[in-house]
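Comments concern the structure below.
Numbering (the working numbering), first residue to last: 655 to 870.
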């Protein structure tokens, strides 16, 4: 059984998550980030891609009083997760899972020694999202928050593996050379576009918070 999947975007008004050089702290406001921490607390696991883990070196904790930290998940095809990163050095305190492809056993053993749980989930396209989700479900994970970056978000969208999308947008512009919040979807005609239905629209500080589901 797959977990319920929520995608989260935190972007500029023009849909960028970072400058061209990768700098992203901070695009959205403290109010949005605090709101997002409650969203984390409402999920059993939080996932990011390898680029986000490398560039942001996140803790992926809730920092919400009285709420436990979800399992932290990294989708990392080449297993380049830094052994000195926050996610690795705190893995014995807060569970950290990494999904990677076969052929990365030497690095996987190093991470396992530090408390990281490493899974090889490979299909013809690289990482198997469905196998990863199955393993999370088997471990009792009923809800997964996918926080990015754009490549990972696009992978879930292309596969149709999401239930809800939360979008925090700040009133700033990063320009066309900024990093996109959603990577390539490989669409070839307008009949393939991803259509969403907006369920909620609120202000969080000076930012906007929108909640979407798939359109019928």
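Think of the CB as a built atom: it goes at the ideal place given N, C-alpha and C, for glycine as much as any other residue.
Endpoints, the beta strand (DSSP E) within which residue i is located
i, result
"residue 798", "797-800"
"residue 670", "670-672"
"residue 860", "From DSSP, residue 860 is part of no beta strand (DSSP E); its letter is neither H nor E."
Three-state secondary structure (DSSP) of residue i
i, result
"residue 665", "strand"
"residue 701", "strand"
"residue 865", "strand"
"residue 772", "strand"
"residue 780", "strand"
"residue 853", "strand"
"residue 656", "coil"
"residue 726", "strand"
"residue 925", "Residue 925 is absent from the model: the chain starts at 655 and stops at 870."
"residue 734", "coil"
"residue 742", "helix"
"residue 710", "helix"
Residue nearest to residue i in terms of C-alpha spacing, selected from the options
i, options, result
"residue 700", "710, 669, 759, 751", "751"
"residue 673", "710, 696, 697", "710"
"residue 685", "843, 806, 856, 738", "856"
"residue 832", "660, 661, 817, 678", "678"
"residue 693", "818, 676, 783", "818"
Span separating the alpha-carbon of residue i from that of residue j
i, j, result
"residue 644", "residue 765", "This structure does not reach residue 644, given that the chain is present from 655 up to 870, and the question cannot be answered."
"residue 778", "residue 656", "21 Å"
"residue 804", "residue 834", "6 Å"
"residue 794", "residue 725", "11 Å"
"residue 669", "residue 841", "18 Å"
"residue 772", "residue 687", "29 Å"
"residue 723", "residue 850", "30 Å"
"residue 837", "residue 707", "17 Å"
"residue 734", "residue 704", "7 Å"
"residue 743", "residue 786", "23 Å"
"residue 721", "residue 801", "19 Å"
Beta-carbon contacts of residue i that lie in its chain and below 7 Å, excluding the five residues immediately before and after
i, result
"residue 791", "655, 656, 657"
"residue 683", "824, 859, 860, 861"
"residue 691", "716, 717, 718"
"residue 748", "715, 723, 726"
Any non-hydrogen atom of the ligand COA closer than 6 Å to residue i Cβ
i, result
"residue 788", "Looking at this structure, you won't find the ligand COA or any other ligand, since it has none at all."
Contacting residues, own chain, Cβ-Cβ under 6 Å from residue i (five flanking each side not counted)
i, result
"residue 821", "663, 864"
"residue 769", "745, 746"
"residue 877", "Residue 877 is absent from the model: the chain starts at 655 and stops at 870."
"residue 727", "699, 701, 751"
Residues near residue i in its chain [Cβ-Cβ closer than 8 Å; skip 5 each side]
i, result
"residue 615", "Residue 615 falls outside the range modelled here, since the chain spans only 655 to 870, and no answer is possible."
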